[in-house]
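Position in the sequence shown counted from 1, then plus 1018, gives you the numbering used here.
Scroll down for the structure; my scribbles are underneath it.
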Amino acid sequence: MKLPESWRHGTVAVIGLGKSGVAATRLLAREHVKVYASDGSQHPYAEDAVRALGTLPGVEVELGHHNLARIQHAAGVVVSPGVPPDAPPLKTARESGIPIVSELDVGCRALEDTRVIAITGTNGKTTTTALIAHLLRSAGLPAEAVGNIGRPVSDMALSSPHPQFLAIEVSSFQLHDSPHFAPDIGVLTNLAPDHLDRYASVDEYYADKAMLFRNAHGKNAWVVNGDDRAVLDMVKSVTGTKLQFSLEWKADAWYDAAAGALMLKNGVLLHREALNLLGAHNVANALAAALAVHRAGVAPSVIAEGLKSFRALPHRLEPVREVDGVQWINDSKATNIASTVVAVEAMTRPYVLLLGGRHKGEPYTRLGPLLKSQCRLVIAYGEAGPIVAKDLEGQVPIERGTTFADVLARAQKAARPGDAVLLSPACSSYDQFKNYEERGATFRQFAEGL
């Protein structure tokens, strides 16, 4: 594994001990690198795994505190994606000229024998990542989905043998600190404002997304959204082969609305009814995944069979069940306005929309015109509830919910046979839940108990 020589003679600080930080620490320990691993919480998310780190030779773990003096003299810093850039340990490292890299960057250095397909964008990353791994496995190729989708890259680097392919979901935060990251194939699903609670501007957010291409070379292939002007502007001068997918025109992969078919080049790949995913955005995700794996050498007929067998991921426009004629749909992963727009546009029946959580900085006014035709009621809740109600006032009926249990009870009461109840919050979950998965699981548990 290629690491800076200074890392082997000094101590590397790992900041944040969720799954990524734990995996990075274990990988560095395997390479006989001394590690100071710290987390600001007394009870980090991966608590049991963190305790096990203390038994590794050369690893020192500190919880509830970051020793800034230790970080100031570290040979390097590895940061977990959940640590904000203005956190004191990162600020200390920058001021001291200590190189900061992501767990993604470190993990990929140990996977030189693996072909990497990287997926980023504002929305659709996780589904597209899962689709790519599924299609590769359907073709008989050893492949895993890692990164933001769940399993850290460093964890995969610790396993043996390494898979032939990795589909890696990468966030803007990870890309910012991954100077050596160089995928073989890259996918950019779309771009829309997001994370404005962490970025000073949309341009700053997009600049981190563009880091996907920082090590581009002539042998790369880039799969990009041909319907998204911001995407096309971003890749205009990027080196490598550009492959476009589109829902609007005849691109490298495209949707023929008249024929109701997903097309690859000039041939029918799959008829729409055979794709078991809700919404036009999932047609786009399927086209992007098909282009990526076709570039990796998989035949269209094999891709088509793989698409037929793929099912919706939890918390992403996931139909939970239908009760008394009401369909309950879990889209808890929709943590920004653009994601909720996609969900709303996928609805084919009247619906009650659950909207709220922790506000992320973008106004909800964009949703107003889209809700007028089919939305029976918006239930606004959480810390963002007052802002949601103010932004949508007069455009759609609104109720204010209190606890999440109250929100679900109100939705059950308001929905009529033939309706849907759609959890697509456009907010993060951290005001009431530890993550969007817990929020979605609570919704699912309620629906399944009806």
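Cβ coordinates follow ideal geometry from the N, Cα and C atoms, glycine included.
Bear in mind the structure is a predicted one, so any value in this text is a computation, not a measurement.
Which residues DSSP lists as bridging residue i, in chain order
{"i": "asparagine 1243", "result": "Phe1263"}
{"i": "asparagine 1010", "result": "Any answer about residue 1010 is impossible in this case: the structure gives the chain only from 1019 up to 1468."}
{"i": "alanine 1398", "result": "Leu1373, Arg1418"}
{"i": "histidine 1299", "result": "None, per the DSSP bridge assignment."}
{"i": "alanine 1136", "result": "Ile1186, Gly1204"}
{"i": "proline 1094", "result": "Position check: residue 1094 holds glycine in this sequence, whereas proline was assumed. Answer is Val1030, bridged to glycine 1094."}
{"i": "isoleucine 1118", "result": "Val1095"}
{"i": "tryptophan 1272", "result": "Ser1264, Met1281"}
{"i": "leucine 1288", "result": "Leu1280"}
{"i": "serine 1446", "result": "Arg1376"}
{"i": "cysteine 1393", "result": "Tyr1369"}
{"i": "valine 1341", "result": "Val1344"}
{"i": "valine 1079", "result": "Ala1055"}
C-beta contact flag for residue i and residue j at 8 angstroms
{"i": "aspartate 1123", "j": "proline 1197", "result": "yes"}
{"i": "isoleucine 1355", "j": "glutamate 1380", "result": "yes"}
{"i": "threonine 1147", "j": "alanine 1185", "result": "yes"}
{"i": "serine 1264", "j": "aspartate 1251", "result": "no"}
{"i": "isoleucine 1033", "j": "valine 1119", "result": "no"}
{"i": "glutamate 1162", "j": "serine 1038", "result": "no"}
{"i": "glycine 1437", "j": "valine 1370", "result": "According to the sequence shown, residue 1437 is aspartate rather than glycine. For aspartate 1437 and valine 1370, yes; Cβs fall inside 8 angstroms."}
{"i": "alanine 1465", "j": "arginine 1384", "result": "no"}
{"i": "lysine 1260", "j": "valine 1249", "result": "no"}
{"i": "alanine 1310", "j": "isoleucine 1089", "result": "no"}
{"i": "asparagine 1141", "j": "serine 1446", "result": "no"}
{"i": "leucine 1045", "j": "glycine 1168", "result": "no"}
{"i": "lysine 1237", "j": "arginine 1127", "result": "no"}
{"i": "tyrosine 1382", "j": "alanine 1444", "result": "yes"}
{"i": "tyrosine 1273", "j": "valine 1316", "result": "no"}
{"i": "glycine 1058", "j": "serine 1098", "result": "no"}
{"i": "aspartate 1342", "j": "proline 1211", "result": "no"}
{"i": "leucine 1230", "j": "leucine 1193", "result": "yes"}
{"i": "valine 1040", "j": "leucine 1081", "result": "no"}
{"i": "alanine 1239", "j": "isoleucine 1203", "result": "yes"}
{"i": "serine 1190", "j": "asparagine 1166", "result": "no"}
{"i": "lysine 1351", "j": "tyrosine 1454", "result": "yes"}
{"i": "tyrosine 1448", "j": "valine 1425", "result": "no"}
{"i": "valine 1362", "j": "leucine 1331", "result": "no"}
{"i": "aspartate 1215", "j": "lysine 1378", "result": "yes"}
{"i": "alanine 1314", "j": "leucine 1154", "result": "yes"}
{"i": "leucine 1149", "j": "phenylalanine 1183", "result": "no"}
{"i": "alanine 1306", "j": "leucine 1325", "result": "no"}
{"i": "alanine 1228", "j": "threonine 1257", "result": "no"}
{"i": "alanine 1308", "j": "alanine 1275", "result": "no"}
{"i": "histidine 1213", "j": "tyrosine 1223", "result": "yes"}
{"i": "histidine 1152", "j": "phenylalanine 1422", "result": "no"}
{"i": "alanine 1093", "j": "serine 1024", "result": "yes"}
Assumed close pair residue i, residue j - CB separation to whole angstroms, cut-off 8 angstroms
{"i": "leucine 1372", "j": "alanine 1429", "result": "6 angstroms"}
{"i": "glycine 1386", "j": "leucine 1410", "result": "5 angstroms"}
{"i": "arginine 1334", "j": "threonine 1144", "result": "7 angstroms"}
{"i": "leucine 1440", "j": "methionine 1365", "result": "7 angstroms"}
{"i": "arginine 1457", "j": "alanine 1432", "result": "The pair is not a contact, with the Cβ atoms about 20 angstroms apart (cut-off 8 angstroms)."}
Inter-stretch contact at 8 angstroms, needing at least 3 Cβ pairs: the stretch 1197–1211 / the stretch 1073–1080:
Short answer: they don't touch.
Do the stretch 1402–1416 and the stretch 1330–1348 touch if we need at least three Cβ pairs shorter than 8 angstroms?
Of all C-beta pairs linking the stretch 1402–1416 to the stretch 1330–1348, fewer than three are shorter than 8 angstroms, placing the two stretches out of contact.
Would the stretch 1278–1292 count as touching the stretch 1175–1182 if we require 3 or more Cβ pairs under 8 angstroms?
As far as the Cβ criterion goes, the stretch 1278–1292 does not touch the stretch 1175–1182, which means the pair count is below three.
contact_flag[the stretch 1025–1040, the stretch 1050–1064] where n(CB pairs < 8 angstroms) is 3 or more
Between the stretch 1025–1040 and the stretch 1050–1064 there are three or more C-beta pairs closer than 8 angstroms, enough to call the two in contact.
Does the structure place the stretch 1095–1111 close enough to the stretch 1292–1302 that three or more beta carbon pairs sit under 8 angstroms?
In short, these stretches do not touch, since the Cβ pair count stays below three.
Which runs of the alpha helix (DSSP H) at least 4 residues long sit entirely within the stretch 1037–1064? Give them in chain order.
The qualifying runs are 1037–1048.
Alpha helix (DSSP H) segments (min. 4 residues) lying fully within the stretch 1145–1176:
Whole alpha helix (DSSP H) segments, 4+ residues: 1171–1176.
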